[in-house]
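Q:
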Amino acid sequence: MRSVHVTGKRLGLREVSAVDVDALHAVYGDPAATQHLPFDPRTRAEVVDIVDEAVAAAQADPRRLYVLAVTETEGHVIGVARLHIEADHPHSAEIGLGLRPDLWGRGIGTDLFRLVLTFGFKELGLHRLWGARSPANTAAQLAMLVAGMVEEGRIRHHVSTPDGWRDSIVHSALSDEWPADRAL
Ligand SMILES: CC(C)(COP(=O)(O)OP(=O)(O)OC[C@H]1O[C@@H](n2cnc3c(N)ncnc32)[C@H](O)[C@@H]1OP(=O)(O)O)[C@@H](O)C(=O)NCCC(=O)NCCS
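By UniProt numbering, the letter at position 118 of the sequence shown is numbered 118, and the numbering carries on one by one without gaps.
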């Protein structure tokens, strides 16, 4: 397995492991962070399962799932990024990410989308990266647009949530639109 270790200007990405459960629970377990996601806040035990599945998925060949810890300059974990390569369309992957809510509104989310996109295009050689957000998720909309993703349209009743069916707005970026010289 090729282990992911990405160092950007102010953020890094690395493989998750059992030591990250509390840091990931600070995202997945927070009702503010899951407000626009299709699931209720996760319990700590559920986050343990997520990490276990991520560690197992990292061993797969070919690897399709990357669940990565997002680190700040001192190495503390402040969020999680997910990249899932489509089985039937292996040039394409869905991305999703979440940051600890006390860090929102400082441009970190926008930087993180750029870092994940650059990682997917440059390191993984993917052609299309896309993210689906809730229509009400203004922060994700702005972060994806400012990061350079294009808003493609609406998928009606895309996901089932605890509150019922929810539409998604899809954003994407293509490798041939992405600046070749963009540094991680
Ligand atoms: C989406 C998310 C990563 C954005 O992170 P962030 O660090 O706050 O993003 P940024 O600071 O780069 O903000 C992006 C833009 O959204 C704006 N914004 C941030 N929070 C906002 C909010 N609650 N309402 C409206 N706008 C908001 C910012 O002002 C910024 O706009 P600007 O570029 O004009 O200044 C973060 O909100 C998050 O982790 N949410 C929970 C998980 C989630 O929804 N993931 C996305 C699924 S696709």
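From the three backbone atoms N, C-alpha and C, an ideal C-beta is built for every residue, glycine too.
(1) Taking just the CA atoms, how far does Arg64 sit from His89?
(2) With which residues is Arg82 paired in a DSSP beta bridge?
(3) Can you have a look at residue 227 and say buried or exposed, based on whether 16 or more other CB atoms are within 10 angstroms of its CB?
(4) Would you mind giving the Cβ-Cβ distance between Pro38 and Asp30, rounded to the nearest angstrom? I have them listed as a contact below 8 Å.
(5) Closest to residue 205 by CA distance: which of Leu11, Ala33, Gln59, Lys9 is it?
(6) Is it right to say Leu129 is buried, meaning 16 or more other beta carbons lie within 10 angstroms of its own, or is it exposed?
(7) Specify the secondary structure class of Leu37 as computed by DSSP and reduced to three states.
(8) Excluding the 5 residues flanking Ala32 on each side, which residues of the same chain have their C-beta closer than 7 Å to its C-beta?
(9) Looking at Leu112 and Leu97, is the spacing between their C-beta atoms short of 7 Å?
(10) Between Trp130 and ligand 1, is there a pair consisting of the residue's CB and a ligand heavy atom that are separated by less than 6 Å?
(11) Suppose you measure from the CA of Ala132 to the CA of Glu53; what does that come to, to the nearest Å?
(12) Return yes when the Cβ of His5 is within less than 7 Å of the Cβ of Arg14, no when it is not.
(13) Return yes when the Cβ of Val70 is within less than 7 Å of the Cβ of Ala57, no when it is not.
(14) With Asp111 as the anchor, note down where its alpha helix (DSSP H) starts and where it stops.
A: So, from the data block:
(1) 11 Å
(2) Val67, Gly96
(3) Outside the displayed range of the chain (1 to 184) lies residue 227, so it cannot be described from this structure.
(4) No, Pro38 and Asp30 are not in contact; Cβ-Cβ is about 16 Å, not under 8 Å.
(5) Here the chain comprises residues numbered 1 to 184, so residue 205 is not present and cannot be evaluated.
(6) buried
(7) coil
(8) Pro101
(9) yes
(10) no
(11) 22 Å
(12) yes
(13) no
(14) 108 to 118
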